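Reviewing the structure listed below.
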Amino acid sequence: MTDLPEALEEHIPALRRYASALLGNRDRADELVQDTLERALSRRHLFRVDRNLRGWLFTIMHNLYANNARSRSRAPGFVPVEDAAHRLSDGPHQDDHMALRDLQRALSEMTPQHRTVLLLIGLEGLSYREAAEVLDIPVGTVMSRLARARERLRLMLGDGRGTVPAVEEGAPPARRRAP
Amino acid sequence: MTDPARNITEDELHAYVDGALKERRRQAVEAWLAAHPADAERVAAWRRQIALMSKAYGAIAEEPVPAHLCARTIAARLGERRPATRLRRGGLAAAAAVLLALGMAGGWMAHGLLGSASPEAEEVWHQALSAHRVFTVEKRHAVEVGSDQREHLVRWLSNRLGYEVVIPDLAGHGFRLMGGRLLASSGEPAAQFMYENAGGDRLTLYVTRANGGADAGFSMGQENGMSAFYWYDGRVSYALVGTLSREALNAIAIDVYRQLEGVRPS
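This is the structure we're talking about:
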């Protein structure tokens, strides 16, 4: 590895994507990405050549996130989720719009433990082992968290009736409708 | 026909969704799903979740990265802000390569901290070495609060240091926590955690919020047969002291650093 800044560049889009999904807020996501990059660059001597750069970056981001979450844990409620669905430039169908909004709301209502494992594996495509390293938990714990998180999300999205209710018009479960 | 997949576990259903199964198990899961519509529906729902996440957030990764998040720009800014404090010897290196460079550097590291550490860092470093020398020779009073009262230890020192202290686990290196004590470092509270391995070697981790100067990477030095790694991170100064070989201490210091990464006063 001759040039860490250059090697980092290719991972920044994924870091922004993950952070946005994790925090539900684009501005805060980019702050987290910036903190992660600063930390990585100022700790470059700690990066082991044999280690996977993507995993290292996600580990740093996760630690920063977990630490911030701890210090905010007494704040009432969750930070409001920005409705990113409307940002889709090509005008999504109403169904999609609602499904995306439901997903964002559901993610925001999950515990950080469930949210992180769902996103690292489902959105970022990390292997179970990589996710275990990022989260610093055993692989078995990753699996059990993932199973619980997916079932929880399925219930939250009302997606259990054999159709695709998440994008269905009609009467969704009341719990998904915030006033 | 025997059920081809009566041993399918919940984990395997997820591994199937995530493409983490070997071919034979994949086929077994497919056979199972063909015969078990309820599981098939759950698997389909999990796949929809993944597709939905990708739809919701995938576009973000296609956007151009804003200029302020360019890694080279950030690196340049960091370089301007604290040019002297980072340990440059060894280049980009992994700590192992740093160590190699240290080894080649020979005797010029016999005293004090390697590199251009700040006076504050030197001060903390010396305090850590003194505390190590004084307390590791104690048999009965090596620590003030033993590891059997770990929770109390954490709570007490967190209160005194003013942030949520985390005690690293060094069992992977063969060292068990003995306990810790409160110390003073230039008028500020400091904590020392002591570890011991089966051979009776002792390690101490010295922690204080005393200002270590600019945020700095690892520095390393030796004195009177002791080696110490020092770093300052997020307004906390750390020094890991021991009489192990530099290589061994280096490996432990990296692990401690990683366990404490992101732990900082709010």
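Going down the list, the protein sequences come from chains A and B.
The first sequence begins at 20 in our numbering and counts up one residue at a time.
The second sequence begins at 6 in our numbering and counts up one residue at a time.
Built from N, CA and C at the ideal position, the CB exists for glycine as well.
Keep in mind that this is a model prediction, so the values were computed, not measured.
Beta-carbon proximity check, residue i vs residue j, cutoff 9 Å
i      : j      : result
B:P194 : B:R165 : yes
A:I140 : B:D23  : yes
B:L197 : B:A133 : The amino acid at residue 197 of chain B is misidentified as Leu; the sequence shows Gln. It is a contact, given that the beta carbons lie within the stated cut-off.
B:V261 : B:L245 : yes
A:A85  : A:P157 : no
B:M225 : B:H137 : no
B:Y243 : B:L210 : yes
B:A25  : A:S146 : yes
A:L5   : A:L41  : Outside the shown range of chain A (20 to 198) lies residue 5 of chain A, about which nothing can therefore be said.
B:V171 : A:I31  : no
A:D178 : B:A50  : yes
B:R29  : B:A20  : no
Per DSSP, the bridge partner or partners of residue i
i      : result
B:S190 : B:E193
B:E201 : B:R181, B:R207
B:S232 : B:Q227, B:G247
B:G151 : B:G184
B:A213 : It is worth fixing the name first, because residue 213 of chain B is Thr in this sequence and not Ala. According to DSSP, which records beta bridges pairwise, B:T213 is partnered with B:A195, B:S242.
Residue-level contact to chain A via CB, residue i, 9 Å cutoff
i      : result
B:K144 : no
B:H41  : no
B:S59  : yes
B:M109 : Any reading at B:M109 is ruled out, since the residue's pLDDT is 34, under 50, leaving its predicted position unreliable.
B:P173 : no
B:W51  : yes
B:D23  : yes
B:Y62  : yes
B:V159 : no
C-beta neighbour in chain B for residue i, strict 9 Å
i      : result
A:A118 : yes
A:S146 : yes
A:N71  : no
A:R58  : yes
A:M129 : no
A:I79  : yes
A:A151 : no
A:L154 : no
A:R169 : yes
A:L23  : yes
A:G74  : no
A:G96  : Its pLDDT being 34, under 50, A:G96 is placed unreliably in this model, and the coordinates cannot settle the point.
A:L165 : yes
A:D114 : no
A:Q132 : no
A:L42  : no
A:P204 : Past the boundaries of the shown model lies residue 204 of chain A; chain A is included only from 20 to 198, so the question cannot be answered.
A:R47  : no
A:R62  : yes
Straight-line Cα distance separating residue j from residue i
i      : j      : result
B:A296 : B:R181 : For residue 296 of chain B there is no data in the structure shown, the boundaries of chain B being 6 and 271.
B:H157 : B:K60  : 48 Å
A:L172 : A:L126 : 8 Å
A:D49  : A:E128 : 21 Å
B:A76  : B:A203 : 45 Å
A:H133 : A:A168 : 5 Å
B:Y62  : B:W236 : 37 Å
A:N71  : B:I79  : 21 Å
B:R207 : B:K144 : 11 Å
B:V129 : B:S152 : 24 Å
A:R17  : A:S39  : An answer regarding residue 17 of chain A cannot be provided, because it is not within the stretch 20 to 198 covered by chain A.
A:A166 : B:N12  : 17 Å
B:A233 : B:H131 : 9 Å
A:L119 : B:D174 : 41 Å
B:P42  : B:L74  : 47 Å
A:Q53  : B:R82  : 12 Å
B:A66  : B:L18  : 29 Å
B:L265 : B:A176 : 15 Å
A:V153 : B:G247 : 29 Å
B:R53  : B:E252 : 49 Å
B:R240 : B:A258 : 18 Å
Own chain residues within Cβ distance below 8 Å of residue i, not counting five before or after
i      : result
A:L23  : A59, L60, R63, F66
B:V150 : H157, L158, W161, G184, G185, R186
B:I55  : V22
A:Y37  : F77, M80, L138, L139, L142, E143
A:A88  : P131
Chain-order list of residues whose beta-carbon lies under 7 Å from that of residue i (same chain, five-residue window excluded)
i      : result
A:T55  : L34, L76, I79, M80, L83
B:L38  : D44, A45, V48
B:V148 : M183, G184, G185, R186, M199
A:A151 : P157, V158, V161
B:G179 : N202, A203
6 Å CB neighbourhood of residue i in its chain, flanking five on each side removed
i      : result
B:R86  : Note that B:R86 scores a pLDDT of 49, beneath 50, so its modelled location is shaky; the value from the coordinates is reported in the next line. Nothing listed; no residue qualifies.
A:A73  : Sequence inspection shows Arg at residue 73 of chain A; the Ala mentioned does not correspond to that position. Only H30 meet the Cβ criterion.
B:A256 : none
Check: residue i C-beta below 8 Å from any heavy atom of the ligand NAP
i     : result
A:Y84 : In the structure on display, the ligand NAP does not appear, and there are no ligands present to speak of.
Chain C residues whose Cβ lies nearer than 9 Å to that of residue i
i      : result
B:A176 : Judged by its chain identifiers, the structure shown contains no chain C, and its protein chains are A and B.
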